[in-house]
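> My questions will all concern the structure given below.
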């Protein structure tokens, strides 16, 4: 067990905090570390360090900033397994799932290497007689990232590499439930050659977040988490005249047409619903069976029944424990609520325990059928290994059902019909759509584009939209008079 350090001005140090938050292994709730609730002085020091570093970092040529990212992605690849083990120890994720978490972050760093072309402005000659107009893209200043527990590698890597590659500096406040992985990410970033103060890492809870949100020197805020927290952060940030992007809750539907490949559908639904213990903002938590495809529901329940939770290093484990006892209790209470409301519980994982790890936050695969829109298990994001099944007669009914839901993070359709897929992708009011792909998280040369109550803000994460979020555009209109052309030849090949 150790105290998690702060990173301020390029130096890791122990906090002077009086309050610490316990970091536990979800498999048995044993104590593995303590995260400090950083003092206001320490938070101010982190922001001041980032502000001072910005003055020089913004002047570093874009290709040089890209080379730091190039070295960083190489280090992340070299330490891929190590990072996955750290991540598994504090989240409970299986080793394969943890490696995937790290890898999806590495992909964003690789995109940050391409920042030179994404920082190019625009130009137009002769917009008026003898007048040219052109634009430059310039960084904002100090940016803040507030990240959740469920992807402690991927989501920090969504944020600070793109922001820093654009010429900004960054303060990262990772989840207090799993801060060890982000700390190791920061260590490797310094090793890649990042100057002091360009990245700072602080820890804590609500009080620390609110202090940072109200700090005058922070220009942009990126957040991933739950709906009420996302709403609070977005309002607080924008009230303080900061640019903000806040990714919030989800209730992702998968629509299954009767002409779909049944074996592919069932296999994909199993992994997309209970993988990572359902603790993914893009997990499929609602399966909408159209017409005769509802006959597949009993077979799906049998397949889910075969999925066994287990330890991170168990190759046969389908997924690990939930992040905390509080998360487990919430999921269990929602399962009971579903039973009371009349949903048919085809598979109940409430009583699951793992031998030798009975104190862990375990919940087995759970599946409800005949779920209706007025049920709490449909209306709330359960964030556990629970799948809700619904049945409709037509594709039009399925589209209307999905569009009535207040969330719009992700959705998918399984079908052999190009016409049905085209209709669905065009009419559905959801930001990310998969066609025969269960979890349609885009690769980082696109952007992560949740809609409706799943996102508060204008510009989304990674891809081109991230560059726009972390920069400002300066437009210049210029005129030069011919009388100012110097006389005399330049006899060298250099510019004078």
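In this note's numbering, the protein residues as written are 10 to 505. Note that beta-carbon positions come from the ideal geometry of N, C-alpha and C, so glycine has one too.
Starting from the C-beta of residue 264, find all residues in its chain whose C-beta is less than 6 Å away, skip the five residues before and the five after it, and write them out in chain order.
Excluding residues within five positions, the ones whose Cβ falls inside 6 Å are 297, 407, 422.
> At the 9 Å Cβ level, is residue 175 part of the contact set with chain D, yes or no?
Of the chains in the structure shown, none is chain D; there is only one protein chain.
> Is residue 111 near residue 84, with beta carbons less than 9 Å apart?
Their beta carbons are not under 9 Å apart, which means residue 111 does not touch residue 84 by this criterion.
> Could you tell me the boundaries of the beta strand (DSSP E) in which residue 449 lies?
First-last for residue 449: undefined, no H or E at that position.
> From residue 177 to residue 105, what does the alpha carbon distance come to, in whole angstroms?
Roughly 33 Å between the two C-alpha positions.
> Using the Cβ count rule (16 or more neighbours within 10 Å means buried), how would you classify residue 381?
Burial call: exposed.
> In chain order, what residues of the same chain lie with their CB nearer than 6 Å to the CB of residue 488, ignoring the 5 residues before and after it?
Within the same chain, residue 488 has close Cβ partners 139, 140.
> So what does residue 209 bridge to, in DSSP terms?
Note: residue 209 sits in a beta bridge opposite 180.
> Could you round the C-beta distance between residue 352 and residue 386 to whole angstroms and report it? I think they count as a contact, below 8 Å.
Contact holds; Cβ gap of about 6 Å.
> Does DSSP classify residue 124 as helix, strand or coil?
The answer is helix: DSSP assigns residue 124 an H, G or I state.
> Return the chain-ordered ranges of every alpha helix (DSSP H) run that is complete within the stretch 336–404 and spans a minimum of 4 residues.
Listed in chain order, the complete alpha helix (DSSP H) runs (minimum 4 residues) inside the stretch 336–404 are 385–388.
> Out of 122, 191, 58, which has the shortest C-alpha to C-alpha gap to residue 93?
Checking every option, the nearest Cα to that of residue 93 belongs to 191.
> So what does DSSP say about residue 245, is it helix, strand or coil?
Helix, per DSSP.
> Return the residue from the list 210, 163, 424 that minimises the CA-CA distance to residue 58.
Cα-wise, what sits closest to residue 58 is 210.
> Measure the C-alpha to C-alpha separation of residue 250 and residue 343 and round it to an integer number of angstroms.
Cα-Cα distance, rounded: 38 Å.
> So, residue 260 versus residue 388, is the Cβ gap smaller than 9 Å?
Cβ distance < 9 Å, so residue 260 and residue 388 count as in contact.
> Determine, using beta carbons only, whether residue 154 and residue 30 come nearer to each other than 9 Å.
No.
> How long is the line joining the alpha carbons of residue 15 and residue 258, rounded to whole angstroms?
Cα-Cα distance, rounded: 29 Å.
> Whole angstroms is fine: what's the gap from residue 108's alpha carbon to residue 89's?
In a straight line, the C-alpha of residue 108 is about 7 Å away from that of residue 89.
> On the three-state DSSP scale, how would you describe residue 20?
Looking at residue 20 - three-state DSSP - the assignment turns out to be strand.
> Residue range of the beta strand (DSSP E) that residue 427 falls in?
Careful: residue 427 lies outside any beta strand (DSSP E), inside the alpha helix (DSSP H) at 427–436.
> For residue 14, list the residues DSSP reports as bridge partners.
Paired residues: none, contrary to the question.
> From the DSSP output, in three-state form, read off residue 134 for me.
In this structure, residue 134 counts as strand in the three-state DSSP scheme.
> Along the chain, where does the alpha helix (DSSP H) containing residue 306 start, and where does it finish?
That run of the alpha helix (DSSP H) goes 306–314.
> Ends of the alpha helix (DSSP H) at residue 198?
Unbroken alpha helix (DSSP H) run through residue 198: 189–200.
> Since residue 480 and residue 45 should fall inside the 8 Å C-beta cutoff, what is the C-beta to C-beta distance between them, to a whole number of angstroms?
That belief does not hold up - the Cβ atoms of residue 480 and residue 45 are roughly 33 Å apart, past 8 Å.
> Return yes when the Cβ of residue 309 is within less than 9 Å of the Cβ of residue 175, no when it is not.
No, these two residues do not count as a Cβ contact at 9 Å.
> On the premise that residue 171 lies in contact with residue 395, defined as a C-beta separation below 8 Å, what is that separation, rounded to the nearest angstrom?
Actually they do not touch by this definition, with Cβ atoms about 33 Å apart.
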